[in-house]
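Numbering (this note's numbering), first residue to last: 3 to 520.
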Amino acid sequence: MPVGCGKRKLRRGSYQTLTWPGTAAREMRRSTALRTSSTPSMVGTDGFSKVSPLWGTIKRIPEGFLKSDTESVDTSVGVFALSLSGIAAALALTLVVAGYPLGDLWAVAALSCTALIAERGKIKLNSTATASISLFPTLIAAVLFGPLAAMVVSTASMLSGLPRPYVRWLTYTSGRAIGAGLAGLFAYKLCGNPHDVDVSDIAMGTVGAVLIAQTFDVAFGALLFRLRGHGNPVALLRALWPLLIAALPLYAPVVGLLVFGYRAVSPWTLPLFLAPALAAQRSFLMYQDQRRLAEDLSAANLHLERANLRFASGLVAWLDARDQYTAGHSAAVAIYARDIAGRLGLDEREQQLVHLCGLVHDIGKVGLQPSLLEKPGALTLDERRQMEEHSVIGERILAKVDDYAEIAKIVRHHHERVDGQGYPDGLVGSEIPLLARIICVADAYNAMTSDRPYRDAMPSQVARLRLAQAVESQFDTMVVAAFEAILAGSSEDYRCGIRMDFKLELEESTPLQAASAA
């Protein structure tokens with residue numbers, strides 16, 4: 003007589019918190035820096051010797067970029083921001099003294115308003131990057147009117163950022179103004195004459211202005227990246243280099259055409275472009291807001307579904323405390339059902355759904371008497387009728403949980419037979435949901451190969467033979483064939499349901515919202 007598939011209790015190994023190899027060294031350097039920062043020394047803030055006092059001061063600048071308005075700012079941070087703004091102011095004053103014109107005041111004002119509106123409606127690409135068309139008005143001002151107009155438009159675009167910490171705002175505004183001034187200075191030398199409509203001059207001035215503005219912007223960003231202590235700016239430059247190359251064909255043709263149209267055709271060519279561009283940016287921003295709302299709603303639904311899953315698992319855990327067989331049986335049924343669904347070619351969501359159904363298919367047993375679950379002998383007719391109520395009780399429990407209506411239906415019908423002799427509704431063949439037919443086969447097989455209070459476990463070969471004999475009467479032929487193919491290529495532990503842990507399966511169970519997204 004072959005040996006049956008008796009259950010064996012196996013515990014998973016314990017975990018311990020690991021400390022990364024460099025953690026202790028970093029903590030030692032940090033404590034060393036704290037001890038030495040209050041005394042005059044040539045030791046830098048990172049614990050290394052022979053660091054100049056100037057570099058030690060600069061390394062404190064990043065802290066200021068992270069402070070809020072209500073926090074005090076390190077003096078060195080303020081000095082850095084004021085120095086940068088002083089350079090921008092000195093550049094503007096030098097341009098005024100040198101006689102560079104501001105250009106058409108109405109056009110500059112219109113470009114400034116456009117840049118401000120564009121910057122206020124900028125699109126958030128990810129947690130650190132945003133996009134807007136505010137650079138277009140700045141470049142147009144640089145090529146049309148020169149460096150002073152470019153600095154005015156650039157500064158106007160940054161007025162939308164005034165709520166941010168003032169030191170950060172002053173730093174970024176000054177940096178942008180300097181870059182715009184340099185770009186405008188180059189363009190003015192080539193095509194500064196307002197009556198110049200030479201295509202080659204406008205093209206060269208535009209290309210040069212775009213390259214200078216973008217190169218300065220990338221270099222300035224790399225400098226701030228280094229000052230913030232994010233690492234080596236060379237890596238950032240490598241990542242941004244393709245964007246710098248792409249900026250030329252993106253900006254130069256549009257800016258060049260608008261400048262040519264302004265000078266050769268009419269100043270009204272600018273609104274003909276800028277108004278639709280702002281409208282397009284606004285439309286995309288509204289779309290992004292809608293998408294963000296949809297993502298927030300999806301996240302809330304996912305959180306609710308996880309809460310529902312914890313609720314269901316809590317009931318099964320409570321049932322396991324009464325009936326040691328239930329939780330281990332549920333884990334095995336969940337694994338078998340998911341594998342059968344995969345073998346049948348069902349999609350990821352249906353595989354996760356049937357896995358979850360397997361975990362909670364016997365949840366209705368919480369409404370039964372413990373003596374009924376643990377009875378060592380055969381059940382009487384009345385006791386059998388009581389036992390058959392567990393699928394209906396399970397449906398009632400799960401139907402009260404949000405988004406579990408489909409699961410409740412499958413749990414209700416997992417004891418139906420294809421010949422119509424099952425319970426509770428006597429459904430026939432395809433009237434039974436496919437996932438319920440899968441649960442039925444997995445449930446019956448694991449019940450046969452497990453030790454029960456009234457009998458020992460059957461050998462896997464005998465249980466598989468019983469499944470084959472009951473096709474077209476109790477079980478679906480297609481489901482049994484798929485399960486037999488799985489068992490034929492599996493290990494003996496798998497066939498006997500060994501090493502199947504309910505808690506582990508619960509942790510690995512993917513909520514249906516996430517499965518649908520995948």
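All C-beta atoms in this analysis are idealised placements derived from N, C-alpha and C, irrespective of residue type, glycine included.
The model shown is predicted, which means the values in this text are computed figures rather than measured ones.
Using the DSSP secondary-structure output, state which residues sit across from R555 in a beta bridge.
Within the shown structure, residues of the chain are numbered from 3 to 520, placing residue 555 beyond reach of any answer.
Can you tell me which residues form a DSSP beta bridge with F477?
V473
Out of S492, S300, V362, G379, which one is the CA nearest neighbour of Q463?
S492
P149 and G123 - do their beta-carbons sit closer together than 8 Å?
no
Consult DSSP for V145 and reduce its assignment to one of helix, strand or coil.
helix
Going by other Cβ atoms of all chains shown within 10 Å of its Cβ, with 16 needed for buried, is N195 buried or exposed?
exposed
Three-way DSSP call (helix, strand, coil) for V267 in this model:
coil
My assumption, with CB atoms under 8 Å, is that L95 sits in contact with S159. Please give the rounded CB distance.
No, L95 and S159 are not in contact; Cβ-Cβ is about 21 Å, not under 8 Å.
In the structure shown, what three-state DSSP assignment does V430 receive?
strand
Tell me the rounded alpha-carbon separation between A444 and R294.
41 Å
Could you spell out where the alpha helix (DSSP H) holding P1 opens and where it closes?
Absent from the structure is residue 1, since the part of the chain shown begins at 3 and ends at 520.
When you compare each of R457, A487, L272, G499 to A109 by their alpha carbons, which one comes out closest?
L272
Counting Cβ pairs, one atom from each stretch, are 3 or more of them under 8 Å apart for the region 348-357 and the region 391-401?
no
From Y447, A380, Y264, residue whose alpha carbon lies closest to that of V473
Y447
Roughly how many angstroms separate the alpha carbons of G524 and D291, rounded to a whole number?
Outside the shown range of the chain, which is 3 to 520, sits residue 524, and nothing can be said about it.
Can you grab the Cα-Cα spacing for the pair I500 / E486, in whole Å?
18 Å
How about the region 177-186 and the region 86-102: do they share at least three Cβ pairs that are nearer than 8 Å?
yes
Between the C-alpha atoms of G223 and S156, what's the straight-line distance to the nearest angstrom?
16 Å
By DSSP, does A35 sit in helix, in strand, or in coil?
Unreliable positioning characterises A35 in this predicted model, as indicated by a pLDDT of 43, which lies under 50. The coordinate reading is nonetheless provided below. Note: A35 maps to helix in three-state DSSP.
A277 to V220, Cα distance in whole Å?
28 Å
Name the one or two DSSP bridge partners that D421 has.
V430
By a C-beta neighbour count over all protein chains shown, 10 Å radius and 16 as the cutoff for buried, is Q371 buried or exposed?
exposed
So is G24 buried or exposed if we call it buried at 16+ other beta carbons inside 10 Å?
Caution applies to G24, whose pLDDT of 41 falls short of 50 and renders its modelled position unreliable; the value that the coordinates give is listed next. The residue in question, G24, is exposed, as its Cβ has fewer than 16 Cβ neighbours within 10 Å.
Please state whether DSSP places E391 in a helix, a strand or coil.
coil
Are P1 and H417 touching if we call contact CB-CB under 8 Å?
Given a span of 3 to 520 for the chain in the structure shown, any question on residue 1 remains unanswerable.
Is it buried or exposed for A438, if we count other Cβ within 10 angstroms and need 16 for buried?
buried
Taking just the CA atoms, how far does E350 sit from L299?
22 Å
With 16 as the cutoff for other CB atoms within 10 Å, does K191 come out buried or exposed?
exposed
Other residues of its chain near G521: CB distance less than 8 Å, five sequence neighbours each side excluded:
The structure shown does not extend to residue 521, since the chain is modelled only from 3 to 520, so the question has no answer here.
Please work out which residues of its chain come closer than 6 Å, Cβ to Cβ, to T208, disregarding the five sequence neighbours upstream and downstream, and give them in chain order.
V145, A254, V257, G258
Should I488 and A339 be called a contact, given that it needs their Cβ atoms to be closer than 8 Å?
no
Answer with buried or exposed for Q216, where buried requires no fewer than 16 other C-beta atoms within 10 angstroms of its C-beta.
buried
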